Structures are given as C-alpha cells and as structure tokens.
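Reviewing the structure listed below.
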Amino acid sequence: MRSSPVKNLQILFMGCVVIFLFVISSGCANIPQEEAAKELVPIKSIGVLPAQPARITILPSDTQTRQQREAGSTIINSLLSDYFRDYRDVRFISQTELEGLQPTQPGQALYLAREAGQQLHYDAVLITEVERYQTRTGSAYAVDTPASVTFSLKLLAIASGQIIWSADFDQTQQPLFENILGSRSTGSGFRWLTAAELAKAGLTKKLNSCPYLSKD
Numbered sequence: 336m337r338s339s340p341v342k343n344l345q346i347l348f349m350g351c352v353v354i355f356l357f358v359i360s361s362g363c364a365n366i367p368q369e370e371a372a373k374e375l376v377p378i379k380s381i382g383v384l385p386a387q388p389a390r391i392t393i394l395p396s397d398t399q400t401r402q403q404r405e406a407g408s409t410i411i412n413s414l415l416s417d418y419f420r421d422y423r424d425v426r427f428i429s430q431t432e433l434e435g436l437q438p439t440q441p442g443q444a445l446y447l448a449r450e451a452g453q454q455l456h457y458d459a460v461l462i463t464e465v466e467r468y469q470t471r472t473g474s475a476y477a478v479d480t481p482a483s484v485t486f487s488l489k490l491l492a493i494a495s496g497q498i499i500w501s502a503d504f505d506q507t508q509q510p511l512f513e514n515i516l517g518s519r520s521t522g523s524g525f526r527w528l529t530a531a532e533l534a535k536a537g538l539t540k541k542l543n544s545c546p547y548l549s550k551d
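Right, here's the structure in full:
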C-alpha cells in the first residue's frame with residue numbers, strides 16, 4: 336500500500352523538527368549560559384554623598400533651571416535622609432568631610448566618591464545626581480505645568496572602582512487618561528503631585544530595587 340503525498344510531507348516535516356531541535360540543543364550545550372543573577376560584591380558599609388545637580392549644559396541666562404535643580408538636590412537629600420533613617424550600615428557624608436576631597440579635575444564625581452570612600456572607610460558610596468526638578472504650577476486638581484523630575488543613582492564599590500548598581504528616574508506626571516493608556520500609575524488617585532512627591536515615589540521605588548540595601 337503506497338503512502339499518500341500528505342502523509343509523506345507530515346513525516347518529512349516531523350523529521351526536520353527533530354533534527355532542528357537536536358542541533359539547537361547541541362549548540363546550546365557548547366555555549367556558556369549567562370548566570371541568572373550575578374554574585375553580589377560583599378558590601379558592609381555604604382556612604383551617601385550629598386545629592387548634586389548633574390553636570391549638564393545650561394545657558395548662563397537660564398537661572399530658573401539652575402535654581403530648580405539646586406532646590407531639587409536639597410529636597411532629594413532630605414528624602415534620602417528619611418529613607419535611610421533605619422539603616423544601620425548607611426551613613427551620610429557631610430560637606431565638611433568632603434572639603435579636603437575635591438577632585439583635581441572638574442566633573443570627576445566618581446573620583447570624589449572613591450576618595451571619600453577610601454578615606455572614610457566605606458565599602459561603597461551612593462552618588463545621586465539631579466538633572467531636572469521642575470515644580471508643579473497650579474493646584475492638586477488643576478495645573479498649568481505638571482511636576483517633572485529626573486535623577487540618577489549610582490553605587491560605587493570602593494575596592495574595585497566599579498559601578499555595581501545604578502538606576503535612573505525620569506518622569507513627568509501625565510493626565511489620568513494618558514496614564515491609563517500608558518499604564519503609568521502615579522498612585523495619586525488621581526491628583527497632580529508636587530515635584531517632592533514625585534521625587535519621593537521615584538526614589539523609594541529605585542532604592543527598594545537595590546540588592547545591596549537591607550535593614551538586616
């Protein structure tokens with residue numbers, strides 16, 4: 336009894352599938368798989384540098400943006416202090432402690448952080464830079480300009496000089512309808528947040544995701 340053309344095609348197709356799976360599995364066996372989670376660097380103590388405006392180009396005439404970023408850095412410093420209140424192995428590095436640690440070249444934030452960590456005996460130093468801090472114009476339920484905040488966090492391992500964790504926050508609060516479409520809930524329920532509230536929500540979310548921060 337002769338096989339039908341359709342059955343022959345099915346057998347051929349199944350054979351190709353088996354060969355393809357065999358080749359893929361054999362090839363994968365020879366490729367070192369990436370670790371699901373990299374081993375954490377041993378960190379016992381963390382120093383927190385004061386938040387600073389990020390070094391980005393701003394026109395000399397744009398004093399409002401400069402003032403907003405400086406004000407934002409002050410507010411984020413306060414938020415960092417609140418966040419780390421119950422952390423035993425995290426301590427703030429004061430401006431007084433930094434006075435003799437200024438880098439030889441401007442803009443060397445990582446150099447300054449490592450110098451501070453080495454001389455003050457920290458395993459890691461947290462660096463916070465504020466790029467944008469635009470305050471809300473209007474009320475909680477009607478605004479002309481919504482709050483907008485952008486900052487970055489970097490955790491520098493002092494021994495190696497490597498960034499072992501980093502996070503960026505960049506958000507401008509959107510109207511409720513746009514939030515729903517973009518699935519970006521602010522948890523405001525809905526009202527217009529202040530820049531401080533937006534910064535606090537972002538800072539808490541990012542720091543909570545850091546594997547090196549534990550109260551235990």
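Using the numbering used here, the letters of the sequence shown correspond one by one to residues 336 to 551.
We treat Cβ as the ideally placed atom computed from N, Cα and C, and that holds for glycine.
Because the structure is a prediction, the values reported are computed rather than measured.
Taking C-beta atoms as the reference points, residue 445 and residue 428 fail to come closer than 8 Å.
Apart from the 5 residues on each side of it in sequence, residue 495 sits with its Cβ closer than 8 Å to the Cβ of 376 in its chain, given in chain order.
Residue 409 and residue 465 have their C-alpha atoms roughly 10 Å apart. Separation of residue 424 and residue 379 (C-alpha to C-alpha, rounded to the nearest whole angstrom) is 7 Å. Looking at the DSSP output, residue 489 bridges to 462, 501.
When DSSP reads this structure, residue 388 sits in a beta bridge with 465.
For residue 453, the CB contacts under 8 Å within the same chain, skipping 5 residues up- and downstream, are 493 in chain order. Cβ contact annotation for residue 414 (same chain, cutoff 7 Å, sequence separation greater than five): 534, 535, 538, in chain order. Where residue 537 is concerned, the enclosing alpha helix (DSSP H) starts and stops at 530-543. When secondary structure is reduced to three states using DSSP, residue 496 falls in the coil class, being assigned neither helix nor strand. Short of 7 Å from the beta carbon of residue 411, and not among the five residues preceding or following it, lie these beta carbons of its own chain, in chain order: 386, 463, 465, 486, 534, 538. A residue is called buried once 16 or more other Cβ atoms fall within 10 Å of its Cβ, and residue 457 is buried on that count. A straight-line Cα-Cα distance of about 39 Å links residue 443 and residue 475. Nearest C-alpha to residue 407 among 418, 488, 470: 470. Look at residue 381 here: in three-state DSSP terms it is strand. In the three-state reduction of the DSSP assignment, residue 426 falls in the strand class. Of the other Cβ atoms in all chains shown, 16 or more fall within 10 Å of the Cβ of residue 532; this residue is therefore buried. Here residue 484 is bridged, per DSSP, to 468, 506.
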